[in-house]
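**Student:** Structure provided below as structure tokens; questions to follow.
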Ligand SMILES: CC(C)(COP(=O)(O)OP(=O)(O)OC[C@H]1O[C@@H](n2cnc3c(N)ncnc32)[C@H](O)[C@@H]1OP(=O)(O)O)[C@@H](O)C(=O)NCCC(=O)NCCS
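In my numbering, the protein residues as written are 887 to 1092.
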């Protein structure tokens, strides 16, 4: 079992994430127990307040985020060892591959945890992403990874590949392969993806 290594700040150049900007520097997404508890509570609510694979995958991921956030080396090593042990059982069961280095906002929703989900460690994902089963975000062919905004939906059997930017409130259809940027408020479908429609005022909260 391998420790999740502390983040190299240079591996994460500043990236835009919705309205927020991710700053370079040591990545400590969940610096204390209160933030871990709040993140897990959000995942619990989003997943119907049930102990089901999607929630277990998210809780394990949040624990991994908390583990890499430990400032003291011994605490980080210990927490990472426990995370590694947990993950050894959880990943093959849930088939959700989501390294703790991945930057994921709150309320990530695994809508159907009955296929596999793979996310690149360098991906940056905003709040309230909803994913169906068999979704891949990023490739293993290089360090570039997608930046995804807030309130995005990704349909079943879809891939978001490369160092591209998906805007806020985007819907990606089933069986779609996205390899280019998608602006805010759009629907992208097909392989390679094409933008079929810009969403109307409802998506802007009107
Ligand atoms: C992308 C999606 C959200 C769009 O829904 P919508 O806003 O109702 O859009 P429409 O159904 O009006 O489709 C708009 C156009 O895109 C096409 N389209 C929609 N989804 C498509 C897809 N996945 N692949 C290819 N084309 C698609 C439609 O045929 C239509 O084309 P047309 O304008 O030439 O007739 C929806 O089609 C979709 O794919 N949802 C994923 C659902 C999913 O993953 N379900 C899993 C259940 S287990």
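Think of the CB as a built atom: it goes at the ideal place given N, C-alpha and C, for glycine as much as any other residue.
Residue 996: beta carbon under 7 Å from a heavy atom of ligand 1?
**Tutor:** As a first step, residue 996 is located in the chain shown; it is residue number 110 there, counting from the start. Result no, Cβ not under 7 Å from ligand 1.
**Student:** Taking DSSP as the reference, what is the three-state secondary structure of residue 1066?
**Tutor:** Locating residue 1066 in the chain shown gives position 180, where the first residue counts as 1. Coil, per DSSP.
**Student:** Is the beta carbon of residue 1062 within less than 7 Å of some heavy atom of ligand 3?
**Tutor:** Within the structure as shown, ligand 3 is missing, the only ligands being ligand 1.
**Student:** If we count Cβ pairs, one from each stretch, closer than 8 Å, do we get three or more for the region 995-1010 versus the region 950-969?
**Tutor:** no
**Student:** Can you give me the C-alpha to C-alpha distance between residue 1058 and residue 1028, rounded to a whole angstrom?
**Tutor:** In the chain shown, residue 1058 corresponds to position 172, counting from 1. In the chain shown, residue 1028 corresponds to position 142, counting from 1. Each residue's Cα considered, the two are about 23 Å apart.
**Student:** Applying the 10 Å Cβ sphere with the 16-neighbour rule, what's the burial state of residue 989?
**Tutor:** Reading the chain shown from its first residue, position 103 is the one you call residue 989. Flag for residue 989 reads buried.
**Student:** Going by the C-beta, is residue 1083 closer than 7 Å to any heavy atom of ligand 1?
**Tutor:** Taking the chain shown and counting its residues from 1, the one referred to as residue 1083 is at position 197. Indeed, a heavy atom of ligand 1 lies less than 7 Å from the Cβ.
**Student:** Please tell me whether, using a cut-off of 7 Å, the distance from the CB of residue 1041 to the nearest non-hydrogen atom of ligand 1 is below it.
**Tutor:** Residue mapping note: residue 1041 aligns to position 155 of the chain shown, counting from 1. Under cutoff, so the answer is yes.
**Student:** Could you give the first and the last residue of the continuous beta strand (DSSP E) run that contains residue 1021?
**Tutor:** Taking the first residue of the chain shown as 1, we reach residue 1021 at position 135. Note, residue 1021: beta strand (DSSP E), 1021-1023.
**Student:** Please report how far the alpha carbon of residue 971 lies from the alpha carbon of residue 1081, in whole angstroms.
**Tutor:** By 1-based counting over the chain shown, the position of residue 971 is 85. By 1-based counting over the chain shown, the position of residue 1081 is 195. In a straight line, the C-alpha of residue 971 is about 42 Å away from that of residue 1081.
**Student:** Does DSSP put residue 1074 in a helix, in a strand, or in coil?
**Tutor:** Residue mapping note: residue 1074 aligns to position 188 of the chain shown, counting from 1. When DSSP states are grouped into helix, strand and coil, residue 1074 belongs to the strand group.
**Student:** Output needed for residue 946: all residues of its chain with C-beta closer than 7 Å, excluding positions within five of it in sequence on either side, in chain order.
**Tutor:** Residue mapping note: residue 946 aligns to position 60 of the chain shown, counting from 1. Around residue 946: 972, 973, 976.
**Student:** So, is the C-beta of residue 956 closer than 8 Å to a C-beta in chain C?
**Tutor:** Considering every chain present, this structure includes no chain C. It has just one protein chain.
**Student:** With DSSP collapsed to three states, give me the class of residue 955.
**Tutor:** Within the chain shown, the letter at position 69 stands for residue 955. Three-state result, residue 955: coil.
**Student:** Could you pull out every residue in the same chain whose Cβ sits closer than 6 Å to the Cβ of residue 932, ignoring the five residues on either side in sequence?
**Tutor:** As a first step, residue 932 is located in the chain shown; it is residue number 46 there, counting from the start. Answer for residue 932: 993, 995, listed in chain order.
**Student:** Just checking residue 981 against ligand 1 - is the residue's beta carbon closer than 7 Å to any of the ligand's heavy atoms?
**Tutor:** As a first step, residue 981 is located in the chain shown; it is residue number 95 there, counting from the start. False, no ligand heavy atom lies under 7 Å from that Cβ.
**Student:** Residues in the same chain with beta-carbon distance under 8 Å from residue 1050, minus the five sequence neighbours each way, listed in chain order, please.
**Tutor:** Taking the chain shown and counting its residues from 1, one reaches residue 1050 at position 164. Contacts found: 1032, 1033, 1064, 1065, 1066, 1067, 1068.
**Student:** Where does the unbroken beta strand (DSSP E) through residue 1084 begin, and where does it stop?
**Tutor:** Numbered from 1 along the chain shown, position 198 holds the residue referred to as residue 1084. Note, residue 1084: beta strand (DSSP E), 1080-1084.
**Student:** Regarding residue 1035 and ligand 1, is the C-beta to nearest heavy atom distance less than 7 Å?
**Tutor:** Reading the chain shown from its first residue, position 149 is the one you call residue 1035. The answer is no for residue 1035.
**Student:** Whole angstroms are fine: how far does the CA of residue 1072 sit from the CA of residue 1084?
**Tutor:** Your numbering for residue 1084 matches position 198 in the chain shown. Your numbering for residue 1072 matches position 186 in the chain shown. Computed Cα separation, rounded: 4 Å.
**Student:** Using 10 angstroms around the beta-carbon of residue 1015, count the other beta-carbons present and answer buried if the total reaches 16, otherwise exposed.
**Tutor:** Locating residue 1015 in the chain shown gives position 129, counting from the first residue. Residue 1015 is buried by the Cβ-count criterion.
**Student:** How would you label residue 941, buried or exposed, when you count the other beta carbons within 10 angstroms and need 16 or more for buried?
**Tutor:** Against the chain shown, residue 941 aligns to sequence position 55. Classification for residue 941: buried.
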